[in-house]
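Engineer: Have a look at the structure that comes next, please.
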Amino acid sequence: MLIKPPTPIPPSEITPKEHWLRRRELMAGAAAGLGLAALGGLGAVLTARPARAGDKIPGLAPSPLSTDEKPTSLEDVTSYNNFYEMGTEKDDPARYASLLQTRPWTVRVDGACAAPGEIGIEDILTGFPQEERIYRLRCVEAWAMVIPWVGFPLGDLLKRFQPTSQAKFVAFETLHDPKQLPGQKRAVLEWPYREGLRMDEAMHPLTILATGLYGEVLPGQNGAPLRLVVPWKYGFKSIKSIVRISFVESQPPATWNQMQPDEYGFYANVNPAVDHPRWSQKSHRIIGAGLFAPKQKTLPFNGYADQVASLYEGMDLKRFF
Ligand SMILES: Nc1nc2c(c(=O)[nH]1)N[C@H]1C(S)=C(S)[C@@H](COP(=O)(O)O)O[C@H]1N2
Ligand SMILES: [Mo]
């Protein structure tokens, strides 16, 4: 799919891109000038004022689980997005992102666990060591980007709420507020966006909650303030702007799977041997590589077969696609 020319949108709802790019530079400059980063950790920045998209996240440890592929440019990662709550075109999310208020932000964790409760975004940012993880995001639409995420293992957060033996799956929900997410005014999908993982997938060390990218606080269009990233699955599993996480006993509803079950499976493991009914999944193009760049071969489990294939031992992956 090519990026289309911008469609007209009421000026009141737009933050021109030059503005948010510029604001990011200003904020980075301000933080440096005040020596906030020197106070140590994002916590220091947070006490000065709420974090915003583009703020630098100091003290990031690089992860041995990163790919060594060349990251897609920050410009492409933040301007070519899929986030239907902000519009169905790839350039809509960057245009509408400023409507989403990411502070304060609370995630409710409930269901089959001994310690249900709520956790605020500041506690998430300061309470879990953040690291840089470079992963390829492979969209089911046969394109991909390589993104230097900032985040931490989802399992670390889940453990705090003490899941019980009844917890077989984890269900996720995106914020539902059409004022902040104007795409929700149209019934293109059933809102809120929902996703789910099996418990072992959720606890796998490759599965992360992302709080940033390129060393900076996550921009709205990429799912601020908190989104899931499951690198061996198609991008639609990586639910954005999460407000609720529930431990459940049976397979929870997932938005695209419910909408078109023959096109989007619950498992959604990247699999070149199982085509989408309307196109091949054998290869993909890398966003920003140029129109004439050769397509890349898609690998089983997006290249993570050694780490995750054992989770699906004995399962027919053509049936459970
Ligand atoms: N809430 C929500 N999460 C979402 C989506 C969405 O429309 N709404 N799109 C998904 C799809 S299809 C993809 S490919 C990725 C895209 O993430 P990116 O825009 O950060 O590249 O987000 C996923 N998460
Ligand atoms: Mo996608």
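The sequence shown begins at 1289 in our numbering and counts up by one. Here a beta-carbon is modelled for each residue, glycine too, at the ideal position from N, C-alpha and C. All figures in this text were calculated on a predicted structure; none of them were measured in a lab.
Given that a residue counts as buried once 16 or more other Cβ atoms are within 10 Å of its Cβ, and exposed if not, what is Asp1550?
Structural biologist: Translated into positions along the sequence shown, residue 1550 becomes position 262. So Asp1550 ends up on the exposed side.
Engineer: Thr1586 to Asp1563, Cα distance in whole Å?
Structural biologist: Translated into positions along the sequence shown, residue 1586 becomes position 298. Translated into positions along the sequence shown, residue 1563 becomes position 275. The alpha-carbon atoms of Thr1586 and Asp1563 are separated by roughly 11 Å.
Engineer: Cutting at 6 Å between CB atoms, please list the residues of its own chain near Pro1493, excluding the five before and the five after it.
Structural biologist: Locating residue 1493 in the sequence shown gives position 205, where the first residue counts as 1. Answer for Pro1493: Pro1441, listed in chain order.
Engineer: Would you say the beta carbon of Ser1534 is closer than 7 Å to some non-hydrogen atom of ligand 1?
Structural biologist: Residue numbering aside, residue 1534 sits at position 246 when the sequence shown is read from its first letter. The answer is no for Ser1534.
Engineer: If you follow the alpha helix (DSSP H) that Ala1382 is part of, which residue opens it and which one closes it?
Structural biologist: Taking the sequence shown and counting its residues from 1, one reaches residue 1382 at position 94. Looking at the DSSP string, the run of the alpha helix (DSSP H) that includes Ala1382 is 1380-1384.
Engineer: Closer than 7 Å to a non-hydrogen atom of ligand 1 - does that hold for the CB of Phe1371?
Structural biologist: By 1-based counting over the sequence shown, the position of residue 1371 is 83. Yes, the Cβ of Phe1371 comes within 7 Å of a heavy atom of ligand 1.
Engineer: Ligand 1 and Leu1425: does any heavy atom of the ligand fall closer than 7 Å to the residue's C-beta?
Structural biologist: Within the sequence shown, numbered from 1, the residue matching residue 1425 stands at position 137. Leu1425: yes, Cβ under 7 Å from ligand 1.
Engineer: Output the residue ranges of the beta strand (DSSP E) runs that lie fully inside the segment 1424-1494 and measure 3 residues or longer, sorted by chain position.
Structural biologist: As far as the segment 1424-1494 is concerned, its whole beta strand (DSSP E) runs of at least 3 residues are 1431-1441, 1457-1462, 1482-1486.
Engineer: Mapping DSSP to helix, strand and coil, what is Glu1551?
Structural biologist: Start at 1 with the first residue of the sequence shown, and residue 1551 comes out as number 263. The answer is coil: DSSP assigns Glu1551 none of H, G, I, E or B.
Engineer: In three-state terms, what does DSSP make of Gly1408?
Structural biologist: Residue numbering aside, residue 1408 sits at position 120 when the sequence shown is read from its first letter. Strand, per DSSP.
Engineer: Counting C-beta neighbours from all protein chains within 10 Å, is the total for Trp1567 16 or more, i.e. buried, or is it exposed?
Structural biologist: For the purposes of this step, residue 1567 is taken as the residue at position 279 of the sequence shown. Counting Cβ neighbours within 10 Å, Trp1567 comes out exposed, since fewer than 16 surround it.
Engineer: Have a look at Pro1436 and Asn1545 and give me their C-alpha separation to the nearest angstrom.
Structural biologist: Taking the first residue of the sequence shown as 1, we reach residue 1436 at position 148. Taking the first residue of the sequence shown as 1, we reach residue 1545 at position 257. Computed Cα separation, rounded: 28 Å.
Engineer: Are Pro1519 and Asn1559 touching if we call contact CB-CB under 8 Å?
Structural biologist: Here residue 1519 refers to the residue found at position 231 of the sequence shown. Here residue 1559 refers to the residue found at position 271 of the sequence shown. Going by C-beta atoms, Pro1519 is not nearer than 8 Å to Asn1559.
Engineer: Comparing alpha-carbon positions, which option in Ile1412, Ala1402, Thr1495, Asp1465 lies nearest Ser1354?
Structural biologist: As a working mapping, residue 1354 is identified with position 66 in the sequence shown. Comparing Cα-Cα distances from Ser1354 to each of Ile1412, Ala1402, Thr1495, Asp1465, the minimum goes to Thr1495.
Engineer: Ligand 2 heavy atoms versus the CB of Gly1375: any closer than 7 Å?
Structural biologist: As a working mapping, residue 1375 is identified with position 87 in the sequence shown. No, the Cβ of Gly1375 stays beyond 7 Å of every heavy atom of ligand 2.
Engineer: For Arg1374, which residues from the same chain have a beta carbon less than 6 Å from its beta carbon, with the 5 sequence-adjacent residues on both sides left out?
Structural biologist: Taking the first residue of the sequence shown as position 1, residue 1374 is located at position 86. Residue 1374 is actually Met in this sequence, not Arg. Asp1380, Pro1381, Tyr1384, Gly1471.
Engineer: Under 8 Å, do Ala1556 and Lys1525 count as touching if we go by C-beta distance?
Structural biologist: Numbered from its first residue, the sequence shown carries residue 1556 at position 268. Numbered from its first residue, the sequence shown carries residue 1525 at position 237. A contact, by the Cβ cut-off of 8 Å.
Engineer: Examine chain C for any beta-carbon lying closer than 8 Å to the beta-carbon of Val1518, and answer yes or no.
Structural biologist: Among the protein chains of the structure shown there is no chain C, as only one such chain exists.
Engineer: Is Gly1523 near ligand 1, with its Cβ less than 7 Å from a heavy atom?
Structural biologist: On the sequence shown, position 235 is the one that residue 1523 refers to. True, at least one ligand heavy atom lies under 7 Å from that Cβ.
Engineer: Which of the three DSSP states is assigned to Gln1509 in this structure?
Structural biologist: Here residue 1509 corresponds to residue number 221 of the sequence shown, with the count starting at 1. If DSSP states are grouped into helix, strand and coil, Gln1509 belongs with the helices.
Engineer: Under the assumption that Leu1463 contacts Val1395 (Cβ atoms under 8 Å), give the Cβ distance between them as a whole number of angstroms.
Structural biologist: Sequence index remark: in the sequence shown, residue 1463 carries index 175 (1-based). Sequence index remark: in the sequence shown, residue 1395 carries index 107 (1-based). The Cβ separation is near 10 Å, so there is no contact.
Engineer: Select from Gly1500, Pro1541, Leu1514, Gly1342 the residue whose C-alpha is nearest the C-alpha of Trp1393.
Structural biologist: Locating residue 1393 in the sequence shown gives position 105, counting from the first residue. It is Leu1514 whose Cα lies nearest to the Cα of Trp1393.
Engineer: Near Lys1583, what residues of its chain come up, given a Cβ to Cβ distance below 7 Å and the 5 sequence neighbours on each side ignored?
Structural biologist: The sequence position of residue 1583 within the sequence shown is 295, counting from 1. For Lys1583, where only same-chain residues beyond five positions count, the Cβ hits under 7 Å are Ser1571, His1572, Arg1573.
Engineer: Nearest to Glu1406 by alpha carbon, out of Ser1534, Gln1539, Tyr1423?
Structural biologist: Residue 1406 sits at position 118 when you count from the first residue of the sequence shown. When only C-alpha atoms are compared, the closest one is Ser1534.
Engineer: Are the CB atoms of Pro1350 and Glu1419 nearer to each other than 8 Å?
Structural biologist: Position 62 of the sequence shown holds residue 1350. Position 131 of the sequence shown holds residue 1419. For Pro1350 and Glu1419, yes; Cβs fall inside 8 Å.
Engineer: From Ala1475 to Pro1352, what distance separates their C-alpha atoms?
Structural biologist: Position 187 of the sequence shown, counting from 1, holds the residue named residue 1475. Position 64 of the sequence shown, counting from 1, holds the residue named residue 1352. If you take the alpha carbons of Ala1475 and Pro1352, they lie about 41 Å apart.
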